[in-house]
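Worksheet: the structure to be examined is printed underneath.
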Amino acid sequence: MTDLKGGMIPRDWRHQPPAFTPDYKSSRLRSPKLPKLSMPSTPSEDSGPVFTREILGPLDDDLTLNHAAPGEMAIGPRIIVHGQVKDEMGRGVPGALLEIWQANAGGRYRHKNDGYLAPLDPNFGGCGRAITDDEGGYRFHTVLPGPYPWPNGANDWRPAHIHFSVFGQSFAQRLVTQMYFEGDPLIWRCPIVATIPDRAAIERLIAPLDMAATVPFDARAYRFDLLLRGRHASPFENRPEGL
Amino acid sequence: MKLHETASQTVGPYVHIGCMPNAIGLHDVYPEDLGARMRGESTEGQKITIEGIIRDGAGAPLTDALVEIWQADARGRYGADGSGFTGWGRAAADAQSGVWRFETIKPGAVEAMAPHITFWIAARGINMALHTRMYFPEDETLQASDPVLAGFVPAPRRNTLIAQKTADFMYQFNIHLQGSEETVFFDV
Ligand SMILES: [Fe+2]
Numbered sequence: 001m002t003d004l005k006g007g008m009i010p011r012d013w014r015h016q017p018p019a020f021t022p023d024y025k026s027s028r029l030r031s032p033k034l035p036k037l038s039m040p041s042t043p044s045e046d047s048g049p050v051f052t053r054e055i056l057g058p059l060d061d062d063l064t065l066n067h068a069a070p071g072e073m074a075i076g077p078r079i080i081v082h083g084q085v086k087d088e089m090g091r092g093v094p095g096a097l098l099e100i101w102q103a104n105a106g107g108r109y110r111h112k113n114d115g116y117l118a119p120l121d122p123n124f125g126g127c128g129r130a131i132t133d134d135e136g137g138y139r140f141h142t143v144l145p146g147p148y149p150w151p152n153g154a155n156d157w158r159p160a161h162i163h164f165s166v167f168g169q170s171f172a173q174r175l176v177t178q179m180y181f182e183g184d185p186l187i188w189r190c191p192i193v194a195t196i197p198d199r200a201a202i203e204r205l206i207a208p209l210d211m212a213a214t215v216p217f218d219a220r221a222y223r224f225d226l227l228l229r230g231r232h233a234s235p236f237e238n239r240p241e242g243l
Numbered sequence: 001m002k003l004h005e006t007a008s009q010t011v012g013p014y015v016h017i018g019c020m021p022n023a024i025g026l027h028d029v030y031p032e033d034l035g036a037r038m039r040g041e042s043t044e045g046q047k048i049t050i051e052g053i054i055r056d057g058a059g060a061p062l063t064d065a066l067v068e069i070w071q072a073d074a075r076g077r078y079g080a081d082g083s084g085f086t087g088w089g090r091a092a093a094d095a096q097s098g099v100w101r102f103e104t105i106k107p108g109a110v111e112a113m114a115p116h117i118t119f120w121i122a123a124r125g126i127n128m129a130l131h132t133r134m135y136f137p138e139d140e141t142l143q144a145s146d147p148v149l150a151g152f153v154p155a156p157r158r159n160t161l162i163a164q165k166t167a168d169f170m171y172q173f174n175i176h177l178q179g180s181e182e183t184v185f186f187d188v
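First to last, the sequence lines map onto chains A and B.
When we follow full-length UniProt numbering, the leftmost residue of the first sequence carries the number 1, and every step to the right adds one.
When we follow full-length UniProt numbering, the leftmost residue of the second sequence carries the number 1, and every step to the right adds one.
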């Protein structure tokens with residue numbers, strides 16, 4: 001039991017999308033109209049679930065193999081997506097659970113509601129997960145997802161992207177976002193990207209090609225760092241989740 | 001130097017592929033969805049069921065939502081207690097009805113806060129996941145001095161955070177994203 005009050009540094013909303021963004025049509029009926037109630041965090045938000053590596057399977061961080069038949073592999077350009085999870089003070093966040101999901105190389109999701117023409121890849125499941133190391137580092141192997149059309153405007157295409165879900169040490173740090181790829185001309189045409197009011201904040205979602213981490217004759221690397229909200233530096237207790 | 005929190009983006013319509021594949025019939029990735037089990041046989045406390053529907057501004061249920069909860073144990077402590085209780089649950093809205101459901105235990109009071117459960121809601125059309133709280137209808141006395149409910153939530157809106165008891169140990173907590181019953185969401 002912790003006696004901390006207000007363990008989280010208040011969120012800076014200038015870099016976050018507002019709820020109502022009419023050019024992204026789905027937000028129109030799903031955006032709260034009343035302002036959020038601001039309050040200091042309490043032990044209920046300062047604490048959070050703890051995940052340990054025992055929950056991970058050996059291929060959870062390799063989407064080229066984790067759904068492939070024995071001896072086979074997902075189709076598409078082979079890439080590595082890696083980076084560091086940090087907090088706003090720049091400290092690495094160890095033990096952060098990352099879950100990712102994405103379309104296959106043709107831009108098709110393995111979901112019954114996705115009826116895009118591009119075919120499914122029987123060797124590609126489209127999801128993976130990892131837990132950050134002592135420095136907050138993580139690494140996934142996957143294939144480059146394809147862009148895909150979506151019903152919003154008359155001709156909207158999502159830039160190639162990977163969805164990320166992140167748990168830090170506090171439930172108030174919980175974050176979901178999307179990672180984009182350097183050089184994709186669809187990024188600046190995307191109404192979902194444009195929900196973010198700040199250009200620099202968008203640019204931080206665009207992973208640059210990282211030649212230094214690229215594996216020759218194997219896979220290109222992209223670097224994507226994730227920044228979670230900062231917590232005040234005081235220690236507090238968190239019992240392991242023990243799944 | 002203070003850095004900036006990564007910008008949020010919607011989870012889109014296919015969040016369950018990544019976070020709850022088993023819940024949508026994809027059983028060949030993970031043996032079990034994280035957060036699907038919150039308590040063990042020996043977990044202390046009253047077993048309860050919480051269910052609800054999230055509705056948009058037109059009253060339509062969100063059938064693609066991902067709901068997470070975080071709560072204290074029966075003694076008001078956060079974190080796993082070794083009995084199989086995790087404090088953290090995750091549920092997928094039903095693809096037809098939009099109903100989500102948690103099988104958990106009733107949390108104890110946390111310091112001066114009445115028993116409550118933190119909710120986190122993500123879905124297509126929600127640019128940044130929403131935080132709210134559920135309280136229990138039988139705890140009126142403790143709620144009167146709850147530092148969040150009584151301290152920050154305007155009186156006319158407090159009822160949006162209080163579940164309804166529908167049967168013994170069964171609670172319903174419906175969430176309204178817009179409209180006259182709009183649920184209180186927190187910037188916390
Ligand atoms: Fe997507």
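Note that the Cβ used here is the ideal one computed from N, Cα and C, for glycine as well.
Remember, predicted model here, so these are calculated numbers, not experimental data.
State the Cα-Cα distance for the pair residue i and residue j, rounded to the nearest angstrom.
i, j, result
"Arg14(A)", "Cys190(A)", "20 Å"
"Met211(A)", "Lys112(A)", "37 Å"
"Met179(A)", "Ala144(B)", "44 Å"
"Leu228(A)", "Phe186(B)", "18 Å"
"Asp33(B)", "Arg39(B)", "14 Å"
"Arg53(A)", "Leu144(A)", "26 Å"
"Tyr78(B)", "Gly84(B)", "13 Å"
"Ile100(A)", "Arg78(A)", "16 Å"
"Ser165(A)", "Val215(A)", "26 Å"
"Gly18(B)", "Ser8(B)", "17 Å"
"Asp87(A)", "Arg223(A)", "17 Å"
"Ser180(B)", "Ala167(B)", "26 Å"
"Gly35(B)", "Gly6(A)", "26 Å"
"Met89(A)", "Gly230(A)", "6 Å"
"Thr141(B)", "Pro185(A)", "58 Å"
"Arg110(A)", "Ala103(A)", "7 Å"
"Asn174(B)", "Arg55(B)", "8 Å"
"Thr86(B)", "Ala80(B)", "4 Å"
"Ala213(A)", "Ala221(A)", "6 Å"
"Met128(B)", "Thr142(A)", "26 Å"
"Gln178(B)", "Pro151(A)", "23 Å"
"Gln84(A)", "Gly183(A)", "22 Å"
"Ala19(A)", "Gly98(B)", "21 Å"
"Asp133(A)", "His82(A)", "12 Å"
Between the options, which lies nearest to residue i when the distance is taken from Cα to Cα?
i, options, result
"Leu98(A)", "Tyr138(A), Thr42(A), Pro35(A) and Asp23(A)", "Tyr138(A)"
"Asp62(A)", "Ala219(A), Gly230(A), Asp225(A) and Arg229(A)", "Ala219(A)"
"Thr183(B)", "Gln143(B), Asp146(B) and Arg133(B)", "Arg133(B)"
"Ala201(A)", "Asp225(A), Leu209(A) and Leu186(A)", "Asp225(A)"
"Gly57(B)", "Arg174(A), Arg11(A) and Leu29(A)", "Leu29(A)"
"Phe169(B)", "Thr10(B), Thr104(B) and Tyr30(B)", "Thr104(B)"
"Ile53(B)", "Pro107(B), Asp94(B) and Ser180(B)", "Asp94(B)"
"Arg91(A)", "Gly153(A), Gly136(A) and Pro10(A)", "Gly136(A)"
"Glu68(B)", "Ile17(B), Thr166(B), Trp88(B) and Gln178(B)", "Trp88(B)"
"Pro208(A)", "Asp198(A), Asn66(A) and Phe181(A)", "Phe181(A)"
"Pro107(B)", "Ala91(B), Val148(B), Thr49(B) and Asp64(B)", "Thr49(B)"
"Pro10(A)", "Arg101(B), Ala155(B), His4(B) and Pro13(B)", "His4(B)"
"Cys127(A)", "Leu117(A), Tyr116(A), Gln16(A) and Arg108(A)", "Arg108(A)"
"Pro115(B)", "Met128(B), Gln96(B) and Asp139(B)", "Asp139(B)"
"Asp65(B)", "Trp120(B), Leu149(B) and Val148(B)", "The amino acid occupying residue 65(B) in the given sequence is Ala; Asp does not appear at that position. Among Trp120(B), Leu149(B) and Val148(B), the Cα nearest to that of Ala65(B) is on Trp120(B)."
"Tyr30(B)", "His67(A), Pro18(A) and Val81(A)", "His67(A)"
"Arg101(B)", "Val110(B), Arg90(B) and Ala109(B)", "Arg90(B)"
"Phe140(A)", "Pro149(A), Tyr148(A), Asp134(A) and Arg129(A)", "Arg129(A)"
"Ala72(B)", "Arg37(B), Thr118(B), Ser42(B) and Glu41(B)", "Thr118(B)"
"Ala74(B)", "Glu44(B), Pro61(B) and Gly59(B)", "Glu44(B)"
Going by DSSP, name the residue or residues bridged to residue i.
i, result
"Leu209(A)", "Tyr222(A)"
"residue 245(A)", "Any question about residue 245(A) goes unanswered here, given that chain A covers just 1 to 243."
"His4(B)", "Note: His4(B) sits in no beta bridge, so no partner."
"Glu103(B)", "Thr49(B)"
"Ala167(B)", "Met170(B)"
"Ile17(B)", "DSSP output for Ile17(B) lists no bridge partner at all."
"Phe119(B)", "Ile69(B) and Thr132(B)"
"Glu99(A)", "Arg129(A) and Ser165(A)"
"Lys36(A)", "None; Lys36(A) has no bridge partner."
"Trp188(A)", "BP columns for Trp188(A) are empty, so no partner."
"Lys86(A)", "Gly92(A) and Leu227(A)"
"Gly48(A)", "BP columns for Gly48(A) are empty, so no partner."
"Val215(A)", "Ala219(A)"
Looking at ligand 3, does it come within less than 8 Å of residue i, judged from the CB to the closest heavy atom?
i, result
"His163(A)", "Questions concerning ligand 3 fall outside what the structure shown contains, since the ligands it does hold are ligand 1."
Are the region 30-45 of chain A and the region 84-104 of chain A in contact at 8 Å, needing three or more beta carbon pairs?
-> no
Does the count of Cβ pairs from the region 150-170 of chain A and the region 189-203 of chain A closer than 8 Å reach three?
-> yes
Would you say the region 123-133 of chain A touches the region 37-50 of chain A, given that touching needs at least three Cβ pairs under 8 Å?
-> no
Three or more C-beta pairs closer than 8 Å, one from the region 156-166 of chain B and one from the region 124-143 of chain B: is that the case here?
-> yes
Segment contact, 8 Å Cβ cut-off, at least three pairs: the region 194-209 of chain A with the region 59-74 of chain A = no
When you check each C-beta in the region 118-144 of chain B against every C-beta of chain D, which residues fall closer than 8 Å?
-> Looking at the structure shown, chain D is missing, and the protein chains on hand are A and B.
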